[in-house]
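Residue numbers (my numbering): 1 to 51. In what follows, a single structure is set out as C-alpha cells and then discussed.
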Amino acid sequence: MEKLEKFGSQSSFGRPGQPAELTSIYVQLAAADASYTTGAVYSVAGGTGQP
C-alpha cells in the first residue's frame, strides 16, 4: 500500500497518468492515417521525458 500511495509522485504533475489522458495516443495509433508512422516514441512520462 505504501508504494501505491506514492505511485506517480515523481512525475512533473505529481500524480500518475489517468487512462483518459492516454487514450488519444492509442486512438492515433489505431487510425488509418497512422499507417505511415514507424519507429515513433510516444512518451507518457508526465513531462519528465525519457530516462
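Every residue gets a Cβ at the ideal spot worked out from N, C-alpha and C, and that includes glycine.
For Tyr26, the nearest candidate out of Val44, Gly14, Ser11 and Ser12 (CA to CA):
Val44
Residue ranges of each alpha helix (DSSP H) run of no fewer than 4 residues wholly in the stretch 1-30, ordered along the chain?
2-6 and 19-30
Would you mind working out which of Leu4, Glu21 and Ala32 sits nearest Gly47, comparing C-alpha positions?
Glu21
Can you give me the C-alpha to C-alpha distance between Gly39 and Gly8, rounded to a whole angstrom?
26 Å
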